[in-house]
Structure formats: C-alpha cells, structure tokens
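Q: One structure, pasted below without further comment.
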Amino acid sequence: MEFNRKAELNVLINLAASDGKIEDKEAKLIHTLGKANGLSREEVDSMLKMPAPITELSAMTFDEKFEHLYYLIQMMRMDGQVFRSEIAFCEKMADKLGFKKAVVGELASHIYSDPSITSDREFLRKKAEKYIKS
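Spelled out as structure tokens, the structure:
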C-alpha cells in the first residue's frame, strides 16, 4: 500500500495547529512540502483551513515513518518556540508510528527548524531504529 502524501501533510497541519495558530513559517513549510508532493496551492490552502482527523498510519514502511517523524519534529521547531502541546502531539504521533515516545527528544536535538540546514539523515535513521517498539 502506497502512503498517502495528503494524509502525511494533514498530520503536519494538525501539528502546526496544535498550539492554536498556524504560524507563517509553518504554513510556508507545509506549502513547500505540498508542492514537492504534487499538490496545488489551492489544495494545501483547503487542507490548512479544514484539517481532517488523523487516520491509520501503520501501513507505512520504516523509511516513510522516519521521514514523517522527521518532518513532524522539524515542524514543531519551525516557529522558534516549542510548546508542550506540540511535544505531546509529536510523541503521540511517534507512538502511532511504532516508535517509543523518547525518540522525539533524541531526534529533536539533531533536527533543525530551518529546512536549509541539512541533518545527517542516515545518522538520524539509525538513532530512530533504536526506538522502534518491539
């Protein structure tokens, strides 16, 4: 089963909205990710206005789960402030993705809020593997 990019973007939108307001930087990242995945600006705007409830995530591969978690954490840090509600949301999503919640703190220390600063994805992927629930 192929992972639905709209569903992934929807989770990011839910995270961005978890502190009560979607910041401009967060919306810009969401639009960038939407465009990179073939969604029009209008589709993304519609999703931003009315985020859908989060659906089942268990059908994803490890790489998809990792990428999803990576973008969730990057989104959490996007506005320069990290709220407890955002951390809790990331931990909840990590759990749904099959990771132990502690993976969020581990990866967050290596994932930057600025998408132009690249992280060593292979290093992070190996770190995340240690947090897979058995």
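Okay, so the sequence shown: first residue is 3 according to our numbering, each after it adds one. No residue lacks a Cβ here, since even glycine has one placed at the ideal position from N, Cα and C.
#1: Quick one: measure Cβ to Cβ for residue 17 and residue 74, integer angstroms, because I've assumed they're closer than 8 Å.
#2: Where does residue 134 sit, in a helix, a strand or coil, going by DSSP?
#3: Could you pull the DSSP bridge partners for residue 101 from this structure?
#4: For residue 26, which of helix, strand or coil comes out of DSSP?
#5: Measure from the alpha carbon of residue 105 to the alpha carbon of each residue in 11, 19, 128, then state which is nearest.
#6: Assuming residue 11 contacts residue 40 (C-beta within less than 8 Å), just tell me the rounded distance between them.
A: Well, looking at it:
#1: Yes, residue 17 and residue 74 are in contact; Cβ-Cβ is about 6 Å, under 8 Å.
#2: It is a strand residue.
#3: Residue 101 is bridged to 134.
#4: The answer is helix: DSSP assigns residue 26 an H, G or I state.
#5: The alpha carbon of residue 105 has as its nearest neighbour, out of 11, 19, 128, the alpha carbon of 128.
#6: Not confirmed; about 11 Å, so no contact.
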